[in-house]
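Peer 1: Submitted below is the structure of interest, expressed as structure tokens.
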Amino acid sequence: MSPQLTARGRLRAAIALSLAAALVSAGCGSPSTATTSPTPSPTTSTSSPAAQRAAAYVVSQLKDGDHVEGKFGPDLGQTSDVALGLVATTGQSAALAKVLAYLETNAASYVHGDPATGEKVGAHYAGPTGKLALVAKVAGKDPSSFGGLDLVGELRALMDDKGAFRDDSKFGDFSNPLGQALDILALERGTPDGAPQNAVDHLLTAQCADGGFADAFPKAGAKCAATPDATGLALQALVAAGADCPATKASTWLTTRQRADGSFGDGTVDASKPDAGNVNSTAYAALGLVAAGQDTAKVVEYLGSVQNPDGGLAIKPGSADKKSNVLATAQALDALAGSSLLSIGSSPLTPKALACAQTPTAT
15 MSPQLTARGR LRAAIALSLA AALVSAGCGS PSTATTSPTP SPTTSTSSPA AQRAAAYVVS
75 QLKDGDHVEG KFGPDLGQTS DVALGLVATT GQSAALAKVL AYLETNAASY VHGDPATGEK
135 VGAHYAGPTG KLALVAKVAG KDPSSFGGLD LVGELRALMD DKGAFRDDSK FGDFSNPLGQ
195 ALDILALERG TPDGAPQNAV DHLLTAQCAD GGFADAFPKA GAKCAATPDA TGLALQALVA
255 AGADCPATKA STWLTTRQRA DGSFGDGTVD ASKPDAGNVN STAYAALGLV AAGQDTAKVV
315 EYLGSVQNPD GGLAIKPGSA DKKSNVLATA QALDALAGSS LLSIGSSPLT PKALACAQTP
375 TAT
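The opening position of the sequence shown corresponds to residue 15 in this note's numbering, with each subsequent residue numbered one higher.
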């Protein structure tokens, strides 16, 4: 394999880990009036024993106590997920401080790529920029001055005239609905003006007719296939931006596809043939439901029921591989805390009740 292909593989893997695992058609659906009342999620309440055990497991897996080590070296995307999870978990301030210091030191390589891997000088990744800006904000830092970078300014510079936050890389544009949602959340939480309307409009191009969101923006002739991961993350962005009707549709899509045990499957969900429970997907779906004011008690119960003795959670607890996974466990922390990316940490957003009033179509 040539050095260039090796670099391409490393970058693709890094972007996939940071955006997809985490972790994202306009229109208001059928004639009705739907309202939900968000239940505020405490940001400083005592975490549950399950959350504390999960956080302890995550911290124990950090290399040098400050970052996640992946297949290709330090994984800043997963490390950012760890930071978001520790913010939501009480009693982890010391560990969080170490993680934040590592992210600040390595912020440039996360959002601009590493020329040593073959990346061009001046490259810029939109999803990581928004994700890191969100981490900074919820952790009480200034996203306009984090790791020597103005993450907010750089994020705005990556938005085109259609509202899409796009990558500028030698290896192509990896931007997707999950990254778009993170970018919107970063601006909603980190700036007085919030996200521009055209950024929200562009995210809505990934909403399928059934209300769910696809992992990729639409291409001509391609079927729109929604996933819990993209829908949960996009739903938070929509609630933050006040896009009530699309948010109501997304919330309904999630609630009608939740499994009896409280979990969500990974990938596209067929309501008649649901996938096996996936912790990452369940966590992302739960964060969306919390933001939309839905009860996630069954999700919390499910996550606690599949927690391993070491405190961690497997990606797919029902599969043969029940080994605890750092990313799955880190993403479950916010869900175990009953929080969302709107409510964790410093200066939380308090969403208003969703109100989607529609006029019946004449027949």
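Glycine included, C-beta positions come from ideal geometry on N, C-alpha and C.
Since this is a predicted model, take the numbers as computed values, not measurements.
Figure out for me which residue from 319, 257, 249 has the closest Cα to the Cα of residue 269.
Peer 2: When only C-alpha atoms are compared, the closest one is 249.
Peer 1: Kindly indicate which residue of 132, 203, 64, 320 has the alpha-carbon position closest to the one of residue 275.
Peer 2: The option with the nearest alpha carbon to residue 275 is 320.
Peer 1: CA-CA distance, residue 44 and residue 261?
Peer 2: With a pLDDT of only 31 at residue 44, under 50, the local geometry of the prediction cannot be trusted, and the value read off the model is given with reservation. Distance between the alpha carbons of residue 44 and residue 261 is about 14 Å.
Peer 1: For my contact list, residue 170 and residue 363 are in at a C-beta cut-off of 8 Å; report their separation, rounded to the angstrom.
Peer 2: Contact doesn't hold; Cβ gap of about 19 Å is too wide.
Peer 1: Under a three-way DSSP split, which group does residue 82 fall into?
Peer 2: Residue 82 falls in the strand class under three-state DSSP.
Peer 1: If you measure between the beta carbons of residue 383 and residue 121, is that distance less than 9 Å?
Peer 2: Nothing about residue 383 can be read from this structure; the chain reaches only from 15 to 377.
Peer 1: Which one or two residues does DSSP pair with residue 221 in a beta bridge?
Peer 2: Note: residue 221 sits in a beta bridge opposite 227.
Peer 1: Measure the alpha-carbon distance for residue 82 versus residue 210 and round it to whole angstroms.
Peer 2: Rounded to the nearest angstrom, the two C-alpha atoms are 33 Å apart.
Peer 1: According to DSSP, is residue 263 helix, strand or coil?
Peer 2: Correct three-state label for residue 263: helix.
Peer 1: Flag this pair as touching only if the segment 221–234 and the segment 187–201 have three or more C-beta atom pairs under 8 Å; answer yes or no.
Peer 2: With a cut-off of 8 Å, the segment 187–201 and the segment 221–234 count as touching, because enough Cβ pairs lie within range.
Peer 1: Please identify the residue among 256, 242, 326, 335 whose C-alpha is closest to the C-alpha of residue 300.
Peer 2: Per the Cα distances, 242.
Peer 1: CB residue 71 to CB residue 338, shorter than 9 Å?
Peer 2: Yes.
Peer 1: Hey, would you say residue 221 sits closer than 9 Å to residue 176, going by beta carbons?
Peer 2: The answer is no: Cβ separation not under 9 Å.
Peer 1: Return the chain-ordered list of same chain residues with a C-beta closer than 8 Å to the C-beta of residue 40, the five sequence neighbours on each side being excluded.
Peer 2: Bear in mind that the predicted position of residue 40 carries a pLDDT of just 28, short of 50, making it unreliable; the figure below should be weighed with that in mind. Counting only Cβ-Cβ distances below 8 Å, and skipping sequence neighbours, we find 215, 218, 219, 221, 260.
Peer 1: Using three-state DSSP, classify residue 95 as helix, strand or coil.
Peer 2: Correct three-state label for residue 95: helix.
Peer 1: Put residue 371 into one of helix, strand or coil per three-state DSSP.
Peer 2: Here residue 371 sits in strand by DSSP.
Peer 1: Rounded to whole angstroms, what's the CA-CA distance from residue 359 to residue 332? Just pull it up for me.
Peer 2: In a straight line, the C-alpha of residue 359 is about 32 Å away from that of residue 332.
Peer 1: DSSP three-state label for residue 339, please.
Peer 2: Strand.
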